[in-house]
Amino acid sequence: MSKEAAEPVKELFTDLSLYLLGAQTRVERAFFRFFDSLFPLVYTRLINPGMTDLSEEYMECLRQTRQDINPFGRYSKEAVTELAKSLRASRTFNQALGMGVEVLNATEHAALTKECIRGLVRMQYCPHCQGLTLIRPCEGYCLNVMRGCFASVSELDVHWREYIYTLEYLTNEMTGTHELELALLGIRYSINEAILQAQLNGPQLSATVDKVCGHPEEKEVKPLPDSIVQAKEIIEKPPLTMAHSTTLNNKRSSLPLKASKNDKSRSLKKMSREFINYMKRSRTFYASLTERLCEGDLVMKDSSTCWNGEDVVESYTSRVVTNGLKAQMNNPELKVRGLDPQIVHLIDKLKHFNQLAAQTTSLQSESWIDREGGSGNGMNKETESSGDCDDEDGCQGSGDKSYTK
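Counting along the sequence shown from 1, when you hit position 354 you're at 354 in UniProt numbering, and nothing is skipped either side.
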(Lines of atoms letter the chains of each structure in order from A and count residues from 1; the text may use other names and numbers.)
(Lines give C-alpha, C1' and ligand atoms only; values in the text may rest on other atoms or scores of the structure.)
Protein backbone atom coordinates (compact mmCIF):
# COMPACT_ATOMS: atom_id res chain seq x y z
CA MET A 1 0.00 0.00 0.00
CA SER A 2 2.95 2.31 0.59
CA LYS A 3 3.59 2.78 -3.13
CA GLU A 4 -0.06 3.59 -3.79
CA ALA A 5 -0.11 6.06 -0.90
CA ALA A 6 3.01 7.84 -2.14
CA GLU A 7 1.07 10.22 -4.39
CA PRO A 8 -1.41 11.40 -1.71
CA VAL A 9 1.50 11.90 0.71
CA LYS A 10 3.39 13.89 -1.93
CA GLU A 11 0.34 16.07 -2.59
CA LEU A 12 -0.11 16.67 1.14
CA PHE A 13 3.44 17.88 1.67
CA THR A 14 3.29 19.93 -1.53
CA ASP A 15 0.22 21.71 -0.16
CA LEU A 16 1.94 22.27 3.19
CA SER A 17 5.04 23.64 1.45
CA LEU A 18 2.93 26.03 -0.62
CA TYR A 19 1.17 27.16 2.53
CA LEU A 20 4.52 27.97 4.15
CA LEU A 21 5.47 30.00 1.08
CA GLY A 22 2.31 32.10 1.40
CA ALA A 23 -0.11 30.39 -0.98
CA GLN A 24 -3.81 31.00 -0.39
CA THR A 25 -4.52 27.49 0.84
CA ARG A 26 -5.53 25.98 4.17
CA VAL A 27 -3.82 23.32 6.23
CA GLU A 28 -7.17 21.76 7.13
CA ARG A 29 -8.22 21.55 3.49
CA ALA A 30 -4.94 19.85 2.58
CA PHE A 31 -5.58 17.17 5.21
CA PHE A 32 -9.18 16.77 4.07
CA ARG A 33 -7.92 15.92 0.60
CA PHE A 34 -5.25 13.61 1.98
CA PHE A 35 -7.63 11.55 4.10
CA ASP A 36 -10.18 11.49 1.27
CA SER A 37 -7.49 9.91 -0.93
CA LEU A 38 -6.23 7.63 1.83
CA PHE A 39 -9.56 6.05 2.73
CA PRO A 40 -10.08 4.10 -0.55
CA LEU A 41 -6.61 2.59 -0.12
CA VAL A 42 -7.21 1.63 3.51
CA TYR A 43 -10.63 0.24 2.68
CA THR A 44 -9.55 -1.90 -0.29
CA ARG A 45 -6.10 -2.94 0.96
CA LEU A 46 -6.47 -3.37 4.72
CA ILE A 47 -10.17 -3.63 5.60
CA ASN A 48 -11.18 -5.63 2.49
CA PRO A 49 -7.89 -6.76 0.96
CA GLY A 50 -9.56 -8.97 -1.65
CA MET A 51 -10.96 -6.01 -3.58
CA THR A 52 -9.10 -5.42 -6.84
CA ASP A 53 -9.70 -3.67 -10.15
CA LEU A 54 -12.50 -1.52 -8.78
CA SER A 55 -14.18 1.05 -10.99
CA GLU A 56 -13.28 4.70 -10.70
CA GLU A 57 -16.91 5.42 -9.81
CA TYR A 58 -16.68 3.13 -6.79
CA MET A 59 -13.35 4.61 -5.67
CA GLU A 60 -14.78 8.11 -6.03
CA CYS A 61 -17.75 7.06 -3.92
CA LEU A 62 -15.34 5.95 -1.19
CA ARG A 63 -13.58 9.32 -1.35
CA GLN A 64 -16.86 11.20 -1.11
CA THR A 65 -18.12 8.96 1.70
CA ARG A 66 -15.06 9.44 3.91
CA GLN A 67 -16.13 12.76 5.40
CA ASP A 68 -19.60 11.43 6.23
CA ILE A 69 -18.71 8.14 7.90
CA ASN A 70 -15.52 9.44 9.55
CA PRO A 71 -13.54 6.17 9.41
CA PHE A 72 -10.43 7.68 11.03
CA GLY A 73 -12.18 9.02 14.12
CA ARG A 74 -10.57 11.81 16.09
CA TYR A 75 -7.11 11.10 14.69
CA SER A 76 -7.83 12.85 11.41
CA LYS A 77 -8.31 16.06 13.40
CA GLU A 78 -5.35 15.44 15.70
CA ALA A 79 -3.13 15.19 12.63
CA VAL A 80 -3.82 18.81 11.81
CA THR A 81 -4.49 20.60 15.11
CA GLU A 82 -0.95 21.12 16.39
CA LEU A 83 0.63 21.09 12.95
CA ALA A 84 -1.61 23.96 11.82
CA LYS A 85 -0.35 26.10 14.70
CA SER A 86 3.28 25.29 13.95
CA LEU A 87 2.85 25.91 10.23
CA ARG A 88 1.11 29.19 10.91
CA ALA A 89 4.02 30.38 13.03
CA SER A 90 6.49 29.29 10.34
CA ARG A 91 4.41 30.90 7.58
CA THR A 92 4.29 34.21 9.46
CA PHE A 93 8.03 33.94 10.11
CA ASN A 94 8.68 33.39 6.40
CA GLN A 95 6.55 36.42 5.55
CA ALA A 96 8.45 38.41 8.17
CA LEU A 97 11.75 37.54 6.51
CA GLY A 98 10.42 38.79 3.19
CA MET A 99 9.28 42.02 4.82
CA GLY A 100 12.70 42.52 6.41
CA VAL A 101 14.49 42.00 3.10
CA GLU A 102 12.20 44.55 1.45
CA VAL A 103 12.87 47.16 4.15
CA LEU A 104 16.63 46.71 4.02
CA ASN A 105 16.77 46.77 0.22
CA ALA A 106 14.59 49.87 0.04
CA THR A 107 16.61 51.82 2.60
CA GLU A 108 19.91 50.72 1.08
CA HIS A 109 18.90 52.27 -2.24
CA ALA A 110 17.03 55.27 -0.82
CA ALA A 111 17.53 58.37 -2.95
CA LEU A 112 19.46 61.32 -1.49
CA THR A 113 18.02 64.81 -1.76
CA LYS A 114 19.91 67.64 -3.43
CA GLU A 115 20.37 69.30 -0.06
CA CYS A 116 21.88 66.11 1.33
CA ILE A 117 24.28 65.71 -1.61
CA ARG A 118 25.46 69.31 -1.23
CA GLY A 119 25.92 68.80 2.50
CA LEU A 120 27.98 65.64 1.98
CA VAL A 121 30.19 67.29 -0.64
CA ARG A 122 30.74 70.29 1.59
CA MET A 123 31.61 68.08 4.55
CA GLN A 124 33.91 65.69 2.75
CA TYR A 125 35.54 67.60 -0.11
CA CYS A 126 35.41 71.35 0.52
CA PRO A 127 38.49 71.21 2.80
CA HIS A 128 40.45 69.87 -0.17
CA CYS A 129 39.82 73.09 -2.07
CA GLN A 130 41.80 74.88 0.60
CA GLY A 131 44.57 72.32 0.52
CA LEU A 132 43.43 70.72 3.75
CA THR A 133 43.55 67.13 2.54
CA LEU A 134 44.29 65.60 5.92
CA ILE A 135 41.71 67.46 7.98
CA ARG A 136 38.50 65.61 8.75
CA PRO A 137 35.01 66.74 9.79
CA CYS A 138 34.10 67.44 13.39
CA GLU A 139 31.98 64.69 14.92
CA GLY A 140 29.05 66.98 15.75
CA TYR A 141 29.14 68.43 12.24
CA CYS A 142 29.07 64.95 10.72
CA LEU A 143 26.12 63.95 12.91
CA ASN A 144 24.09 66.97 11.84
CA VAL A 145 24.73 66.29 8.15
CA MET A 146 23.96 62.57 8.42
CA ARG A 147 20.87 63.08 10.56
CA GLY A 148 19.57 65.54 8.02
CA CYS A 149 20.29 63.16 5.15
CA PHE A 150 18.67 60.19 6.89
CA ALA A 151 15.79 61.99 8.58
CA SER A 152 13.25 59.90 6.66
CA VAL A 153 15.07 56.61 7.20
CA SER A 154 15.32 57.20 10.94
CA GLU A 155 11.51 57.30 11.12
CA LEU A 156 11.60 53.53 10.55
CA ASP A 157 13.13 53.03 13.99
CA VAL A 158 9.98 52.41 16.05
CA HIS A 159 8.47 50.04 13.51
CA TRP A 160 11.75 48.20 12.96
CA ARG A 161 12.06 47.59 16.71
CA GLU A 162 8.56 46.14 16.72
CA TYR A 163 9.45 44.01 13.71
CA ILE A 164 12.50 42.54 15.48
CA TYR A 165 10.35 41.81 18.53
CA THR A 166 7.90 39.93 16.27
CA LEU A 167 10.77 37.91 14.80
CA GLU A 168 11.96 37.05 18.29
CA TYR A 169 8.49 35.97 19.38
CA LEU A 170 7.98 33.82 16.29
CA THR A 171 11.38 32.19 16.70
CA ASN A 172 10.60 31.27 20.29
CA GLU A 173 7.29 29.77 19.18
CA MET A 174 8.95 27.81 16.36
CA THR A 175 11.60 26.35 18.68
CA GLY A 176 9.35 25.87 21.70
CA THR A 177 5.60 25.44 22.01
CA HIS A 178 5.00 25.09 18.27
CA GLU A 179 8.21 23.45 17.11
CA LEU A 180 7.74 22.55 13.47
CA GLU A 181 10.05 19.54 13.48
CA LEU A 182 8.14 17.89 16.33
CA ALA A 183 4.81 18.69 14.72
CA LEU A 184 5.92 17.09 11.45
CA LEU A 185 7.10 14.01 13.34
CA GLY A 186 3.65 13.84 14.92
CA ILE A 187 1.99 13.40 11.51
CA ARG A 188 3.31 9.85 11.33
CA TYR A 189 1.78 9.00 14.69
CA SER A 190 -1.63 10.48 13.87
CA ILE A 191 -1.86 8.81 10.46
CA ASN A 192 -0.83 5.43 11.89
CA GLU A 193 -3.48 5.70 14.58
CA ALA A 194 -6.08 6.85 12.05
CA ILE A 195 -5.44 3.76 9.91
CA LEU A 196 -5.62 1.51 12.96
CA GLN A 197 -8.91 3.14 13.97
CA ALA A 198 -10.37 2.35 10.54
CA GLN A 199 -9.19 -1.28 10.79
CA LEU A 200 -10.77 -1.71 14.22
CA ASN A 201 -14.12 -0.51 12.87
CA GLY A 202 -13.78 -2.44 9.61
CA PRO A 203 -17.06 -4.43 9.71
CA GLN A 204 -19.15 -1.38 10.63
CA LEU A 205 -17.44 0.69 7.92
CA SER A 206 -18.01 -2.05 5.33
CA ALA A 207 -21.71 -2.20 6.18
CA THR A 208 -22.04 1.57 5.87
CA VAL A 209 -20.10 1.71 2.61
CA ASP A 210 -22.24 -1.08 1.14
CA LYS A 211 -25.36 0.95 1.86
CA VAL A 212 -23.95 4.12 0.30
CA CYS A 213 -21.81 2.84 -2.58
CA GLY A 214 -23.39 -0.57 -3.19
CA HIS A 215 -21.59 -3.87 -3.69
CA PRO A 216 -18.69 -3.91 -6.14
CA GLU A 217 -18.35 -6.79 -8.56
CA GLU A 218 -16.92 -9.82 -6.83
CA LYS A 219 -13.32 -10.55 -7.74
CA GLU A 220 -11.07 -13.43 -6.98
CA VAL A 221 -9.84 -13.13 -3.42
CA LYS A 222 -6.07 -13.14 -3.25
CA PRO A 223 -4.21 -14.72 -0.32
CA LEU A 224 -3.70 -12.24 2.48
CA PRO A 225 -0.03 -11.32 3.03
CA ASP A 226 1.30 -12.08 6.50
CA SER A 227 2.21 -8.42 6.98
CA ILE A 228 -1.43 -7.32 6.87
CA VAL A 229 -3.48 -7.74 10.02
CA GLN A 230 -7.10 -8.71 9.36
CA ALA A 231 -9.68 -6.56 11.06
CA LYS A 232 -11.65 -9.63 12.23
CA GLU A 233 -8.67 -11.01 14.11
CA ILE A 234 -8.20 -7.72 15.91
CA ILE A 235 -11.86 -7.37 16.82
CA GLU A 236 -12.11 -10.91 18.20
CA LYS A 237 -9.38 -10.21 20.75
CA PRO A 238 -11.10 -9.45 24.10
CA PRO A 239 -11.39 -6.87 25.39
CA LEU A 240 -11.35 -4.49 22.41
CA THR A 241 -10.73 -1.30 24.38
CA MET A 242 -7.80 -2.83 26.27
CA ALA A 243 -6.20 -4.14 23.07
CA HIS A 244 -6.62 -0.78 21.42
CA SER A 245 -5.18 1.07 24.41
CA THR A 246 -2.17 -1.26 24.58
CA THR A 247 -1.47 -0.78 20.88
CA LEU A 248 -1.65 2.98 21.21
CA ASN A 249 0.72 3.00 24.18
CA ASN A 250 3.23 0.79 22.36
CA LYS A 251 3.16 3.07 19.35
CA ARG A 252 3.61 6.19 21.43
CA SER A 253 6.61 4.79 23.25
CA SER A 254 8.35 3.69 20.06
CA LEU A 255 7.86 6.80 17.96
CA PRO A 256 10.64 9.43 17.91
CA LEU A 257 8.50 12.35 19.04
CA LYS A 258 11.53 14.50 19.82
CA ALA A 259 14.37 15.25 17.47
CA SER A 260 17.68 13.68 18.39
CA LYS A 261 19.94 15.91 20.46
CA ASN A 262 22.88 14.40 18.60
CA ASP A 263 21.77 16.20 15.44
CA LYS A 264 21.85 19.73 16.83
CA SER A 265 24.35 20.97 14.27
CA ARG A 266 21.68 20.73 11.59
CA SER A 267 18.56 21.30 13.68
CA LEU A 268 16.07 24.01 12.83
CA LYS A 269 16.03 24.97 16.50
CA LYS A 270 19.75 25.75 16.61
CA MET A 271 19.74 27.65 13.32
CA SER A 272 16.73 29.68 14.45
CA ARG A 273 18.39 30.63 17.73
CA GLU A 274 21.57 31.70 15.95
CA PHE A 275 19.56 33.75 13.47
CA ILE A 276 17.49 35.63 16.04
CA ASN A 277 20.53 36.34 18.21
CA TYR A 278 22.10 37.97 15.17
CA MET A 279 18.95 39.91 14.28
CA LYS A 280 18.49 41.22 17.82
CA ARG A 281 21.73 43.14 17.40
CA SER A 282 20.06 45.15 14.66
CA ARG A 283 17.14 46.22 16.87
CA THR A 284 18.50 49.79 17.07
CA PHE A 285 19.92 49.80 13.54
CA TYR A 286 17.91 52.77 12.27
CA ALA A 287 18.29 54.69 15.53
CA SER A 288 22.08 54.35 15.55
CA LEU A 289 22.71 54.51 11.78
CA THR A 290 23.99 58.08 11.77
CA GLU A 291 26.30 57.46 14.73
CA ARG A 292 27.79 54.47 12.95
CA LEU A 293 28.34 56.48 9.79
CA CYS A 294 30.22 59.11 11.78
CA GLU A 295 32.51 56.63 13.48
CA GLY A 296 35.99 55.52 12.54
CA ASP A 297 38.18 57.39 10.11
CA LEU A 298 35.41 59.61 8.73
CA VAL A 299 35.56 62.16 11.57
CA MET A 300 38.20 63.73 13.79
CA LYS A 301 37.80 62.63 17.41
CA ASP A 302 41.16 62.68 19.13
CA SER A 303 42.60 65.79 17.51
CA SER A 304 42.80 69.44 18.43
CA THR A 305 41.30 70.63 15.13
CA CYS A 306 38.52 69.57 12.73
CA TRP A 307 36.44 70.86 9.80
CA ASN A 308 33.10 72.50 10.67
CA GLY A 309 31.92 73.11 7.11
CA GLU A 310 33.52 76.52 6.75
CA ASP A 311 36.88 76.46 8.47
CA VAL A 312 39.28 74.50 10.64
CA VAL A 313 38.26 74.88 14.28
CA GLU A 314 39.22 73.46 17.63
CA SER A 315 35.69 72.25 18.34
CA TYR A 316 32.24 72.23 16.75
CA THR A 317 30.12 74.82 18.53
CA SER A 318 26.78 74.56 16.69
CA ARG A 319 23.86 72.66 18.14
CA VAL A 320 23.83 68.91 17.44
CA VAL A 321 20.27 67.76 16.72
CA THR A 322 18.84 64.33 17.46
CA ASN A 323 17.37 61.79 15.04
CA GLY A 324 13.96 62.15 13.46
CA LEU A 325 12.17 64.51 11.12
CA LYS A 326 10.93 66.95 13.77
CA ALA A 327 14.41 67.49 15.18
CA GLN A 328 15.70 68.57 11.77
CA MET A 329 13.79 71.83 12.00
CA ASN A 330 16.71 73.03 14.13
CA ASN A 331 19.46 71.42 12.05
CA PRO A 332 22.06 74.15 11.35
CA GLU A 333 23.70 72.26 8.47
CA LEU A 334 20.86 70.86 6.37
CA LYS A 335 17.36 71.91 5.43
CA VAL A 336 14.96 68.95 5.46
CA ARG A 337 11.72 69.60 3.59
CA GLY A 338 9.77 66.45 4.47
CA LEU A 339 9.67 62.68 4.42
CA ASP A 340 10.70 60.72 1.36
CA PRO A 341 7.46 59.37 -0.22
CA GLN A 342 9.08 55.98 -0.78
CA ILE A 343 10.06 55.77 2.88
CA VAL A 344 6.54 56.82 3.88
CA HIS A 345 5.17 53.95 1.78
CA LEU A 346 7.68 51.57 3.36
CA ILE A 347 6.74 52.70 6.87
CA ASP A 348 3.07 52.07 6.08
CA LYS A 349 3.85 48.57 4.82
CA LEU A 350 5.98 47.73 7.85
CA LYS A 351 3.38 49.13 10.22
CA HIS A 352 0.64 47.12 8.49
CA PHE A 353 2.72 43.95 8.65
CA ASN A 354 3.40 44.44 12.35
CA GLN A 355 -0.32 44.84 12.98
CA LEU A 356 -1.15 41.66 11.07
CA ALA A 357 1.67 39.78 12.79
CA ALA A 358 0.37 40.89 16.18
CA GLN A 359 -2.95 39.27 15.31
CA THR A 360 -1.44 36.01 14.04
CA THR A 361 1.24 35.57 16.71
CA SER A 362 -1.50 34.56 19.12
CA LEU A 363 -1.21 31.40 16.97
CA GLN A 364 -4.85 30.47 17.20
CA SER A 365 -5.55 27.53 14.92
CA GLU A 366 -7.39 28.29 11.73
CA SER A 367 -11.10 27.54 12.08
CA TRP A 368 -11.75 23.83 11.78
CA ILE A 369 -14.71 23.17 9.54
CA ASP A 370 -16.33 20.32 11.44
CA ARG A 371 -17.39 18.09 8.60
CA GLU A 372 -15.90 15.07 10.35
CA GLY A 373 -18.92 14.16 12.44
CA GLY A 374 -20.27 10.79 11.37
CA SER A 375 -20.50 7.16 12.34
CA GLY A 376 -16.95 6.98 13.71
CA ASN A 377 -15.78 7.97 17.13
CA GLY A 378 -16.57 11.60 16.42
CA MET A 379 -14.38 14.58 17.08
CA ASN A 380 -13.19 16.09 20.29
CA LYS A 381 -10.91 19.01 20.94
CA GLU A 382 -7.97 17.13 22.33
CA THR A 383 -4.75 18.76 21.34
CA GLU A 384 -1.20 17.93 22.22
CA SER A 385 1.70 20.34 22.20
CA SER A 386 5.29 19.30 22.14
CA GLY A 387 5.57 20.10 25.83
CA ASP A 388 9.26 19.28 26.03
CA CYS A 389 11.22 22.41 26.69
CA ASP A 390 14.40 22.87 28.60
CA ASP A 391 16.74 25.76 29.24
CA GLU A 392 18.97 24.69 26.39
CA ASP A 393 16.09 24.75 23.93
CA GLY A 394 15.52 28.47 24.48
CA CYS A 395 11.73 28.03 24.39
CA GLN A 396 10.95 30.89 26.72
CA GLY A 397 9.59 34.04 25.13
CA SER A 398 11.38 37.25 25.75
CA GLY A 399 8.44 38.79 27.54
CA ASP A 400 10.19 42.15 27.27
CA LYS A 401 9.31 44.71 24.69
CA SER A 402 11.54 47.46 26.05
CA TYR A 403 14.33 48.65 23.86
CA THR A 404 17.67 50.23 24.52
CA LYS A 405 19.85 52.38 22.36
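Built from N, CA and C at the ideal position, the CB exists for glycine as well.
Original post:
CA-CA distance, R118 and Y125?
Top reply: 10 Å
Subject >> Cβ distance (whole Å) where Y286 is taken to contact V153 below 8 Å >> reply: 6 Å
Original post:
Which residues in the same chain as T44 place their Cβ atom closer than 7 Å to its Cβ, once the five residues preceding and following it in sequence are excluded?
Top reply: The residues are M51, L54.
Original post:
Using 8 Å as the Cβ pair cut-off and three pairs as the minimum, do the region 135 to 143 and the region 80 to 99 touch?
Top reply: no
Subject >> Spatial distance of E34 from Q204 (CA atoms) >> reply: The amino acid occupying residue 34 in the given sequence is Phe; Glu does not appear at that position. Straight-line Cα distance between these residues: approximately 22 Å.
**OP:** Please state whether DSSP places V121 in a helix, a strand or coil.
**Re:** helix
Subject >> Secondary structure of V312, DSSP reduced to three states >> reply: strand
Subject >> Bridge-paired residues (DSSP) for W307 >> reply: P137, V312
Original post:
Under a three-way DSSP split, which group does H352 fall into?
Top reply: helix
Original post:
Nearest-angstrom Cα distance between Q328 and L334?
Top reply: 8 Å
Original post:
Under 8 Å, do L38 and G186 count as touching if we go by C-beta distance?
Top reply: no
Original post:
Roughly how many angstroms lie between the CA atoms of R292 and C149, to the nearest whole one?
Top reply: 14 Å
Subject >> C-alpha distance - E179 paired with Y169, whole-angstrom precision >> reply: 13 Å
Original post:
Is D340 helix, strand or coil when you go by DSSP?
Top reply: When DSSP states are grouped into helix, strand and coil, D340 belongs to the coil group.
Original post:
Among F353, W307, A198, G296, which one has its Cα closest to the Cα of Q130?
Top reply: For Q130, the nearest C-alpha among the options comes from W307.
**OP:** Answer yes if the region 186 to 203 comes into contact with the region 65 to 84, meaning at least three C-beta pairs across the two stretches below 8 Å, and no otherwise.
**Re:** yes
**OP:** Within 10 angstroms of the Cβ of N331, are there 16 or more other Cβ atoms? Answer buried if so, exposed if not.
**Re:** buried
Original post:
Considering only the beta carbon of each residue, do L346 and A106 sit closer than 8 Å?
Top reply: Going by C-beta atoms, L346 is nearer than 8 Å to A106.
Subject >> Chain-order list of residues whose beta-carbon lies under 8 Å from that of F275 (same chain, five-residue window excluded) >> reply: T171
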